[in-house]
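*Asks:* Heads up: the sequence lines are chains S and X, in that order.
Each residue of the first sequence is one higher than the one before, starting from 3 at the first, in our numbering.
Each residue of the second sequence is one higher than the one before, starting from 15 at the first, in our numbering.
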Amino acid sequence: MDELRDLYQEIILDHNKNPKNFHVMEDATHKSDGHNPLCGDRLTVYLHVDGDRITDVSFQGSGCAISKASASVMTTALKGKTVEEARELFHKFQDMLTREDAAIPDLDEFGQLAAFAGVREFPVRVKCATLSWHTTMAALDDENEIVSTE
Amino acid sequence: MDTVHSPGETELLPADIEAIRREFPVLQQEFYGKPLTYLDNAATTQKPQVVIDRLKRYYEQENANVHRAVYSLGELSSKAFEDSRIIAQKFLNAASEKEIIFTSGTTDAINLVAATFGRANLGPGDEVIISAMEHHSNIVPWQIVCEEKGARLRVIPIDDRGDLILEEYEKLLSPRTKLVSVVYISNSLGTINPVKKVIELAHAHGVPVLLDGAQAVSHLPVDVQELDCDFFALSGHKVFGPTGIGVLYGKEALLEAMPPYRGGGDMILSVTFEKTTYNDLPFKFEAGTPNIAGAIGLGAALNYVMSLGFEKIAAHESALLDYATEQLDAIDGLRIIGTAREKAGVISFVLDSAHPHDVGTILDHEGVAIRTGHHCTQPVMERFCVPATSRASFSIYNTFEDFDRLVQGIRKVQKVFG
Ligand SMILES: Cc1ncc(COP(=O)(O)O)c(C=O)c1O
């Protein structure tokens, strides 16, 4: 039962209900679609990158509480970060979800991302928590995904 | 709950259900300290002890390759294998055991027909008719062969309840139609299709019909001669048998006329580098060493079902369906997807407050196993404008209490996401 409470923490439930940056971005420089066919989760991540800095992030789509909340928290975490910092954060986040030995970062260091530590006990849900991140990395990687240079 | 339902003559008594449950070892387990409530029978059914024991006996006492051994052990395995074919023939009431082809499952059976009958009979402009509620395994094989042959896939639409729209089906039938391939019972909506009518209409145009019977065989008696279907596909694992084994039934004349599926051993009479003579039915379609243990296990499973009797199974499952539908309907914020006039075994639903994936995780912690997702029927999800559903699918060993636990679990989900 405690595992469930760890998974569905208040922070996650709140973000699921009232996701942040949940809208289309007209002037996005990068955009990518993410799809998890297993559960039907589908989302689009929009980024505005200025030089090597992510100045704005938003997302749209439908999905389970974990994927929606994760996308929401991610958008707030990435705003203002450099592309390099974003990649680093992704790897730390992924480690937290998948590696037994990974230290669970505290709220100070990791912000609300730490709320997803409970997902580690639910291996089938890891994909939900990382969908938005993978989509973001794909958007950053793929030059062809640039939807507008403005 | 038993007092609510006064069991009729053919209905299984709670004590009978208890006895049935005891025959399924998997059901004796607990998860998170709670008894397993297994409601994912449309994905696969559990195996009774008789099937498990039969597999064990085969490997302990009868294992040898079939159809080629001169020694006694090989005779044992060949006999057990062929006996299972006769059991399957009896189960489907096929006219001859030549019409029973062992495949690896429903998917394999449909691919066999697409690759042989489809390739041989489809040409540019020809059409194959399927329905909007097909499993991907009854969509993709036809897309592949249609693309190859320049033929076209036509789709019978379904209405808001999840029933086939027969008037539209009639309009689709034409001289271009070369095959109709439809599901008997839908795995995502639970609809029992009026397949007899579907077959009659097709036959009036001289068009053969394949029935995807994957879900049907555990819920209702199938008589392929009475239905007059031309092909019938089933999977062993959905009718209490092992995985990796299934059956394709086909009318003998059609099977005779079809080119072989895969080449190899067992499917030939003689091979020279100049010419190969194919074996007789059903071996023509069974290249290579078959799933011997699987076929024998399937025989045991089909015998098990026949010994229970479909009248009792149907009565119990229909009482379960009524009870479950009523209980779920009473939950605010829950919508049942699939409300066809005739239904069996399956209740798909969505909640206003929670995504199916979250429902599944929370129910799991209550010991309740349901399926969430698109159930390999993405077009159905699109038709009902939902990304996914939660699906409770039941079988002979499920009880009213199983659904009480499901309902309790759903209330818990609603509390978390309230
Ligand atoms: C209606 C229907 N058709 C076909 C299949 C495919 O069966 P299998 O995966 O055993 O080949 C399934 C199984 O999910 C099904 O429910």
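Just so it is clear, CB atoms sit at the ideal spot from N, CA and C, and this is done for glycine as well.
Does X/Cys-399 pass the burial test, meaning 16 or more other C-beta atoms within 10 Å, or should it be called exposed?
*Replies:* exposed
*Asks:* Measuring alpha carbon to alpha carbon, tell me which of X/Val-253, X/Asp-244, X/Arg-99, X/Val-169 ends up nearest X/Pro-62.
*Replies:* Cα-wise, what sits closest to X/Pro-62 is X/Val-253.
*Asks:* When the Cα of X/Cys-243 is compared with those of X/Ser-232, X/Gly-311, X/Asp-336, X/Tyr-263, which residue comes out closest?
*Replies:* Residue X/Tyr-263 is the option with its Cα nearest to X/Cys-243.
*Asks:* Please classify X/Lys-429 as buried or exposed, where buried requires at least 16 other C-beta atoms within 10 Å of its C-beta.
*Replies:* Looking at its Cβ environment, which holds fewer than 16 other Cβ atoms inside 10 Å, X/Lys-429 is exposed.
*Asks:* Who are the near neighbours of X/Ile-213 in its chain, counting only those whose CB is closer than 7 angstroms to its CB and skipping five residues on each side?
*Replies:* Val-223, Leu-241, Asp-242, Cys-243
*Asks:* Decide yes or no for the touch test of the segment 371 to 382 of chain X against the segment 37 to 51 of chain X: beta carbon pairs closer than 8 angstroms, at least 3 of them.
*Replies:* yes
*Asks:* Spatial neighbours of X/Lys-210 within its chain, please: C-beta separation below 7 angstroms, excluding the five flanking residues on both sides.
*Replies:* Leu-241
*Asks:* Does DSSP put X/Val-514 in a helix, in a strand, or in coil?
*Replies:* This structure cannot settle anything about residue 514 of chain X, because the visible part of chain X is limited to 15 through 432.
*Asks:* Could you check the C-alpha separation between X/Arg-355 and X/Ser-202 for me, to the nearest Å?
*Replies:* So the alpha carbons of these two residues sit roughly 15 angstroms apart.
*Asks:* If you measure between the beta carbons of X/Ile-34 and X/Val-261, is that distance less than 7 angstroms?
*Replies:* Contact flag unset, no.
*Asks:* Just to confirm, does X/Val-209 get its C-beta within under 6 angstroms of one of the non-hydrogen atoms of ligand 2?
*Replies:* Judged by which ligands are present, ligand 2 is missing from the structure shown, whose ligands are ligand 1.
*Asks:* If we count the other Cβ atoms within 10 Å of its Cβ and call it buried at 16 or more, is X/Thr-291 buried or exposed?
*Replies:* That one is exposed.
*Asks:* Evaluate X/Val-84 with the Cβ neighbour count: other Cβ atoms within 10 Å of its Cβ, from every protein chain shown; 16 or more gives buried, anything less gives exposed.
*Replies:* exposed
*Asks:* I want to verify the contact list: residues of chain X whose CB lies under 8 angstroms from the CB of S/Phe-124, in sequence order.
*Replies:* Neighbours of S/Phe-124 on chain X, chain order: Thr-375.
*Asks:* If you compare alpha carbons, which of X/Thr-58, X/Pro-28, X/Lys-104 is closest to X/Ser-409?
*Replies:* X/Thr-58
*Asks:* Quick one: grab the DSSP three-state call for X/Ala-383.
*Replies:* strand
*Asks:* Report whether the distance from the Cβ of X/Gln-157 to the nearest heavy atom of ligand 1 is below 6 angstroms.
*Replies:* The answer is no for X/Gln-157.
*Asks:* Does at least one heavy atom of ligand 1 sit under 6 angstroms from the Cβ of X/Val-197?
*Replies:* Taken from the Cβ of X/Val-197, at least one heavy atom of ligand 1 lies inside 6 angstroms.
*Asks:* So who's on the other strand from X/Thr-191, going by DSSP bridges?
*Replies:* X/Glu-141
*Asks:* Grab the span of the alpha helix (DSSP H) containing S/Lys-19 for me, first residue to last.
*Replies:* 12 to 19
*Asks:* Spatial neighbours of S/Glu-5 within its chain, please: CB distance less than 6 angstroms, with the 5 preceding and 5 following residues excluded, ordered by chain position.
*Replies:* Glu-123
*Asks:* Does chain S have any CB closer than 7 angstroms to the CB of X/His-379?
*Replies:* yes
*Asks:* In angstroms with no decimal places, state the Cα-to-Cα distance between X/Asp-30 and S/Thr-138.
*Replies:* 56 angstroms
*Asks:* Should X/Gly-359 be counted as a contact of ligand 1 given a C-beta to heavy atom distance under 6 angstroms?
*Replies:* Checking the Cβ of X/Gly-359 against ligand 1 gives no.
*Asks:* For the beta strand (DSSP E) that X/Leu-248 lies in, which residues bound it at each end?
*Replies:* Run containing X/Leu-248: 245 to 249, per the beta strand (DSSP E) assignment.
*Asks:* Counting only beta-carbon separations shorter than 7 angstroms, does S/Gly-63 have a partner in chain X?
*Replies:* no
*Asks:* Is it the case that the segment 59 to 70 of chain S contacts the segment 10 to 29 of chain S, given that we only count it when at least three CB pairs across the two stretches are under 8 angstroms?
*Replies:* yes
*Asks:* Could you check whether X/Ala-218 and X/Val-65 sit closer than 7 angstroms to each other, using their CB atoms as the reference points?
*Replies:* no
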